[in-house]
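**Student:** Quick note on numbering: the sequence shown equals residues -21 to -1, 1 to 958 in mature numbering (1 follows the signal peptide of the UniProt record, and there is no 0). My questions all concern the structure below.
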Amino acid sequence: KMKILSKLLSILIIIIPLTKAEALLGIHCKQNGDCTSQNSYCNETSNRCRCTDGYYPSEDKTKCVLYAKKVDDDCERDVGCKFVKHSWCDKHFCKCRSEEFQAITGECKPQSRGACNADGTCSNVLSDGVCNNGQCTCTENVDYFGAMMSYCSIFILHVSTDNLYEFTSREEGCKNFPNSYKEFINRQKQCVCKKEYTPDKKNDMCLADIDMDCPDDSYCRVEHSFCNDWQKCECDYTYYPSADKKSCIKYEIGESCDQNKNCGPLQNSKCESKNCVCVEEATKGTDASSSYSCNTGFVQHNEFCYGVPGTVCSLTSKCLSSSYANLGTSCGLIKEHKEKYSTCSSKNGLTTCWMDDFNGQLTDFGVSIGGSRELICLVEHQDGTSVLGTVSASEFKCNVQWSTTKQSYESYKLLVDTRNLEWNKDYALDSAVLGGTEGTKLFLICRTEIKIGTYVLGRLEPPNYKRYHVYQNRDHFQSKFEVLTVKGAPCSSENFIFTGGICKCSSGFYSYLRNCYKIPLKPNVPVGSFEACRYLKNTVYSGGKCVCKIGYYLDDDHCSKIPTDLEVPCDHCPTDSSCSENLCHCNPGFVRMNGTCYGFSGSECFKESKCASKSHVCQSGICEEVEERKEDNKFCVGSVCWMSYDGKNKTTLGIVGGTDDTGSQFVCRSVHGTVTIPGELRANRWIRCLIVVGTESISNQKFDMLVKNEKLTWTNSFQLEQAVPGGTNEDNKPYLICRLEHDGLLYIGKLESPYNLCSTGGLTVLVSSKFEILVDSTVPGTCEPKCSAVDSVCSDGVCQCKPRFFKHNGTCYGLPQAECSGTSKCLSTAYSCESNQCKKIVEELTEGAQCVTKNYKLVCWKQYDGNKTDGVTIQDVGDAKENVCRVKYENHFLPGRQPEGLEQCLMLLDGNVEVFDEFDVLSPKDNLEWTKAYSLDKAVPAGDFEDKPLLFCRTEVCGWQRHYWNTCSPILRLVLHYL
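Rendered as structure tokens:
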């Protein structure tokens, strides 16, 4: 038992450090996947796991910690506060470094040193100080106080010839020179490099040897060294430090060992007689070792050797590409197996497939280069060679261009997107996807980014597979590229299944834009795309949901057709109806009621048309919902007003609609989810609004109460345009207020499309076709109060904007060509009222820019000429600056954004980000600002679409960091859109 326990303890002692080492920062790595800490990556220069930008390693090297952005943010050590000027890490919080600074709005600002003189100066108070809010302090560009806090001084910016000597008053003044300190030289206070650090007079730096302090790589003096995440100089991977720490020596077979015992990354080697030698089973240059070089027939990449086709190999040898495998004696082509749709090969569980007959469904199956619609194809010639090309969904031909001429082929293979392919900068050659052959020469598939989001296809070529060959106008090679590799089993996502050699959506999912989304089970739930609505009958995509299309209503979990048969002969069809099957039927988007057709929101209408309920009117040819106006603490449409119940107002102010054994009940409405539903206020038992949702009765404490009005009456004989609405459903169809009788009592509820059943709440939900509804008996054509807004008229008892005018926040704005007057407002800064019409203002050339002048204010666009110029930015704060730009596309100006450092304008077009070289930038003016509260006549347009202005807008979304979306914490960024 003791022997067994001893063995187990030995195993545990070995296992625990290895398990922990997998997560440590600073360890050697080959690719990003080797670094398991969140927000870490494999640095391709040092081959070490390092933290991404904005993070630093924790003390125990197991995690990446976010840099502090302001005073009192968390920190682990001083470096975590480096972005908070004049601060250090004190008990795990960033604090101002000394008594000279105070925390103000998250920053360390100079302390005040007494009240200013009467004349507003600081003489005799603080030398070189300024008066700020009655107190003397140093200016923002002065970094600290001098001796005895009596004068302002600055950090040293330059050095003299003798060992960084320059006057400074305090130790703090040498902060600009890492690894220096203050010393008295010739009775002067000067900055001097610390012992063991080497002065660099040319660059004003104190340089470090191995294991010495450094702020960044430039401070590491030794060749083949870098500054690691603990601010220490370290030798690059495959190098080790000399005994005096002043040089880095490369690990090589036949050369000295590190500390006479270590050969570092050299595989199949050992330290013998203080030199690195190969182990007994290997010789110098044997494949599978990075000792010095690979044997003939092997290609070296990183620390491994890969065999080319036909190469004699050992059991541990690796073979080039995912299409060749170690057959025990040589690297041979993997035998392909035929699937229903494609031909596939598998290597160690890694599967790649090529399709011969794709039936024109390229977008469903092909692998995109990225940023374009071009897919990867392969042409096989009769002589056994094969060559890589690209195919577009519009041509269905493989275009090959590896010489000065371009050739197109109708017969080719298409690389199948098996959901296990990825583009990698850090890659292993045995998992790279094959992209062509010439005898024993293999070509691998690569790409390079020529502009942001724009890629060009190429191939990685023998003999060393370090050069990337791309043809674009001329033959040339690139050194920066990504290689297409295969990783893991095909179609491994839960949404996909691998069948017939392609990835198909799992049961219960549908395919859209190469992704699989869950098929919705009922309307009015969030969906992944508009394609989802194909699986729900009689629905259309709107607002991220599938809603019932015009002419249908929500009936439990499906959409049913609204009754439209008017039972009227075709020679007497009323307004908004047409003849079908020898009878008149209401047009799509209209519902029948008492021989009349009523339009829902969005339905096309005419002057003679009638829209459903008092909340909808026919405006500009469409039935639109009337915007509620605010009167004191009430919200009104026409003479119908609602009041929010706050516990102080009395229920007796409301409309009585029902009775139960406790007394009168009142009309209320309450929000449930995204919809507003009318119901019954039971004031005598508890103050609650009782509404019906589906087949359930729900009571809410938060609700509105319908205000008493003598013109509101209950009736069972009504016209739908007189009905008082109590809310709208998910399809934007109005809920009407109804009541029904049960056991001698009256209950208030909702009447929904097609307005033939009244539903009320209680212990049980009551539903009846016999009911009364609440109507407004106001004389049609009168508005209460009278219409006061400019360019508004009274129509159907409601104030609305005149034709060609658009309502926003109670104001009417004229669209292009609208009839206007001197008091009218035209939409956007690009239009003004001239000759009684809203006309476009002609742009004029002003100081090299195209400008529009409206109300003595300029809005100017300037063509981008490659020179860095200030522009109107999307961001208010932070590092990410993006300028507003516009692009002329098919005779229209469309909005875009120009990230700082990029000489192109990025624009969203048909769901894809397109890049444009020619564009205009919006010139900054004092009168331009981003605001949430706006009037449309002052909005800046990006151009016109369908004869209406497109307006710039921005919204705050979760930030993009490296390749992943954050979960809105803590990074936010502002993104440009247009209205």
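For each residue, glycine too, the CB sits at the ideal point set by N, CA and C.
Is it right to say Leu824 is buried, meaning 16 or more other beta carbons lie within 10 angstroms of its own, or is it exposed?
**Tutor:** For this step, residue 824 is matched to residue 845 along the sequence shown. Counting the other CB atoms within 10 Å of its CB gives Leu824 a total below 16, which places it among the exposed residues.
**Student:** Strictly by DSSP, which residues pair up with His316?
**Tutor:** Here residue 316 corresponds to residue number 337 of the sequence shown, with the count starting at 1. Note: His316 sits in a beta bridge opposite Cys323.
**Student:** Start and end of the beta strand (DSSP E) containing Val616?
**Tutor:** For the purposes of this step, residue 616 is taken as the residue at position 637 of the sequence shown. Note, Val616: beta strand (DSSP E), Lys613 to Val616.
**Student:** Enumerate in chain order the residues of its own chain whose CB-to-CB distance from Cys597 is below 6 Å, with the five nearest sequence positions on each side excluded.
**Tutor:** Here residue 597 corresponds to residue number 618 of the sequence shown, with the count starting at 1. Cys584, Ser588 and Cys590.
**Student:** Below 8 Å CB to CB, which residues in the same chain sit around Ile498 once its five sequence neighbours on both sides are set aside?
**Tutor:** As a working note, residue 498 is residue 519 in the sequence shown. Closer than 8 Å at Cβ, skipping near neighbours: Gly487, Phe488, Tyr489, Ala511 and Tyr514.
**Student:** If I'm right that Gly723 touches Ser738 with Cβ under 8 Å, what's the distance once you round it to whole angstroms?
**Tutor:** In the sequence shown, counting from the first residue as 1, residue 723 sits at position 744. In the sequence shown, counting from the first residue as 1, residue 738 sits at position 759. Not really, about 20 Å apart at Cβ, beyond 8 Å.
**Student:** For Gln796, which residues from the same chain have a beta carbon less than 7 Å from its beta carbon, with the 5 sequence-adjacent residues on both sides left out?
**Tutor:** Taking the sequence shown and counting its residues from 1, the one referred to as residue 796 is at position 817. The answer, listed in chain order, is Arg783, Gln816 and Cys817.
**Student:** Give every residue of the same chain whose Cβ lies closer than 6 Å to the Cβ of Cys839, excluding the five residues on either side of it in the sequence, and list them in chain order.
**Tutor:** For this step, residue 839 is matched to residue 860 along the sequence shown. In the same chain as Cys839, and ignoring 5 residues on each side of it, the C-beta atoms closer than 6 Å to its own belong to Ala828, Cys830 and Ser902, in chain order.
**Student:** Here's the rule: buried if 16 or more other CB atoms are within 10 angstroms of the residue's CB, otherwise exposed. What is Asn274?
**Tutor:** As a first step, residue 274 is located in the sequence shown; it is residue number 295 there, counting from the start. Buried, since its Cβ has 16 or more Cβ neighbours within 10 Å.
**Student:** Can the beta-carbon of Val63 be found less than 9 Å from the beta-carbon of Cys43?
**Tutor:** Taking the first residue of the sequence shown as position 1, residue 63 is located at position 84. Taking the first residue of the sequence shown as position 1, residue 43 is located at position 64. Going by C-beta atoms, Val63 is not nearer than 9 Å to Cys43.
**Student:** Tell me the rounded alpha-carbon separation between Val821 and Pro505.
**Tutor:** As a working note, residue 821 is residue 842 in the sequence shown. As a working note, residue 505 is residue 526 in the sequence shown. When rounded, the distance between both Cα atoms is 44 Å.
**Student:** Name the DSSP bridge partner or partners of Tyr810?
**Tutor:** Here residue 810 refers to the residue found at position 831 when the sequence shown is read from its first residue. Tyr810 pairs with Lys819.
**Student:** Going by DSSP, what residues sit across from Lys524 in a beta bridge?
**Tutor:** Here residue 524 refers to the residue found at position 545 when the sequence shown is read from its first residue. Paired residue(s): Pro505 and Ser521.
**Student:** Could you give the distance in angstroms between the alpha-carbon of Glu897 and the alpha-carbon of Gln883?
**Tutor:** Looking up residue 897 in the sequence shown gives position 918. Looking up residue 883 in the sequence shown gives position 904. So the alpha carbons of these two residues sit roughly 7 Å apart.
**Student:** Buried or exposed for Phe163, please, with buried defined as at least 16 other CB atoms from any protein chain shown within 10 angstroms of its CB.
**Tutor:** Taking the sequence shown and counting its residues from 1, one reaches residue 163 at position 184. The residue is exposed, with fewer than 16 neighbouring Cβ atoms inside 10 Å.
**Student:** For Lys687, I'd like the list of residues in its chain whose CB is within less than 7 Å of its CB, leaving aside the five on either flank, ordered along the chain.
**Tutor:** Numbered from its first residue, the sequence shown carries residue 687 at position 708. So the qualifying residues of the chain are Leu632, Gly633 and Ile634.
**Student:** Take His651 and list the residues in its own chain whose beta-carbon comes closer than 8 Å to its own, dropping the five residues that flank it on each side.
**Tutor:** On the sequence shown, residue 651 is found 672 positions in, with the first residue counted as 1. For His651, where only same-chain residues beyond five positions count, the Cβ hits under 8 Å are Ile670, Val672, Ile677 and Asn679.
**Student:** Hey, could you find the ends of the beta strand (DSSP E) Met886 is sitting in?
**Tutor:** One-based indexing of the sequence shown puts residue 886 at position 907. Its beta strand (DSSP E) spans residues Cys884 to Leu888.
**Student:** Kindly indicate if chain B contains any beta-carbon less than 9 Å away from that of Ser559.
**Tutor:** This model lacks chain B altogether; it includes just one protein chain.
**Student:** Which same chain residues, not among the five before or five after Cys190, have their C-beta less than 8 Å away from its C-beta?
**Tutor:** Taking the sequence shown and counting its residues from 1, one reaches residue 190 at position 211. One point to set straight first is that residue 190 is Asp, not Cys, in the sequence displayed. Within the same chain, Asp190 has close Cβ partners Lys211, Cys212, Glu213, Pro220 and Lys224.
**Student:** Any idea if Met(-20) is buried or exposed, counting beta-carbon neighbours within 10 angstroms, 16 or more meaning buried?
**Tutor:** Taking the first residue of the sequence shown as 1, we reach residue -20 at position 2. With a pLDDT of 39 at Met(-20), under the threshold of 50, the modelled position of this residue cannot be trusted; read the value that follows with caution. Exposed, since its Cβ has fewer than 16 Cβ neighbours within 10 Å.
**Student:** For Thr290, which residues in the same chain have their Cβ closer than 7 Å to its Cβ, ignoring the five residues on either side in sequence?
**Tutor:** The count along the sequence shown starts at 1 and reaches residue 290 at position 311. Excluding positions up to five away in sequence, the list reads Gly276, Phe277, Ser309 and Cys310.
**Student:** Identify, in the order they occur along the chain, each residue of the same chain with its Cβ nearer than 6 Å to the Cβ of Tyr218, setting aside the five sequence neighbours on each side.
**Tutor:** Translated into positions along the sequence shown, residue 218 becomes position 239. Taken in chain order, the residues that qualify are His203, Cys227 and Lys229.
**Student:** If you compare alpha carbons, which of Met886, Lys161 and Lys180 is closest to Lys173?
**Tutor:** As a working mapping, residue 173 is identified with position 194 in the sequence shown. For Lys173, the nearest C-alpha among the options comes from Lys161.
**Student:** Would the segment 399 to 418 and the segment 242 to 251 be scored as touching if the rule is three or more Cβ pairs under 8 Å?
**Tutor:** no
**Student:** State buried or exposed for Asp98, treating a residue as buried only when at least 16 other CB atoms are found within 10 Å of its CB.
**Tutor:** Walking along the sequence shown from the start, residue 98 turns up at place 119. The residue in question, Asp98, is exposed, as its Cβ has fewer than 16 Cβ neighbours within 10 Å.
**Student:** Specify the secondary structure class of Arg667 as computed by DSSP and reduced to three states.
**Tutor:** As a position in the sequence shown, residue 667 is number 688, starting the count at 1. Residue state, collapsed to three classes: coil.
**Student:** How is Met127 classed by DSSP in three states: helix, strand or coil?
**Tutor:** As a first step, residue 127 is located in the sequence shown; it is residue number 148 there, counting from the start. In this predicted model, Met127 has a pLDDT of only 45, less than 50, meaning its place in the structure is not dependable; the value taken from the coordinates is given anyway. If DSSP states are grouped into helix, strand and coil, Met127 belongs with the helices.
**Student:** Give the straight-line distance between the Cα atoms of Thr554 and Glu700, rounded to the nearest whole angstrom.
**Tutor:** Indexing the sequence shown from 1 puts residue 554 at position 575. Indexing the sequence shown from 1 puts residue 700 at position 721. Distance between the alpha carbons of Thr554 and Glu700: 14 Å.
**Student:** Take Cys766 and list the residues in its own chain whose beta-carbon comes closer than 7 Å to its own, dropping the five residues that flank it on each side.
**Tutor:** By one-based count along the sequence shown, residue 766 stands at place 787. Taken in chain order, the residues that qualify are Val772, Cys773 and Cys778.
**Student:** How would you label residue 971, buried or exposed, when you count the other beta carbons within 10 angstroms and need 16 or more for buried?
**Tutor:** An answer regarding residue 971 cannot be provided, because it is not within the stretch -21 to 958 covered by the chain.
**Student:** Between the beta-carbon of Lys819 and the beta-carbon of Asp899, is there less than 9 Å?
**Tutor:** Taking the sequence shown and counting its residues from 1, the one referred to as residue 819 is at position 840. Taking the sequence shown and counting its residues from 1, the one referred to as residue 899 is at position 920. It is not a contact, given that the beta carbons lie outside the stated cut-off.
**Student:** If contacts are defined as beta-carbon pairs under 8 Å, then Lys690 and Asp640 qualify, I think. What distance do you get, rounded to the angstrom?
**Tutor:** The count along the sequence shown starts at 1 and reaches residue 690 at position 711. The count along the sequence shown starts at 1 and reaches residue 640 at position 661. Wrong, their Cβ atoms sit about 30 Å apart, outside the cutoff.
**Student:** Can you find the residues in the same chain that come closer than 6 Å, C-beta to C-beta, to Ser197, ignoring five residues on each side of it along the sequence?
**Tutor:** As a working note, residue 197 is residue 218 in the sequence shown. Within the same chain, Ser197 has no close Cβ partners at all.
**Student:** Under three-state DSSP, which class holds Cys513?
**Tutor:** Here residue 513 refers to the residue found at position 534 of the sequence shown. It is worth fixing the name first, because residue 513 is Arg in this sequence and not Cys. Collapsing the DSSP output to three states places Arg513 in a helix.
**Student:** Between which two residues does the beta strand (DSSP E) carrying Glu606 extend?
**Tutor:** Position 627 of the sequence shown holds residue 606. Unbroken run through Glu606: none, as it is neither H nor E.
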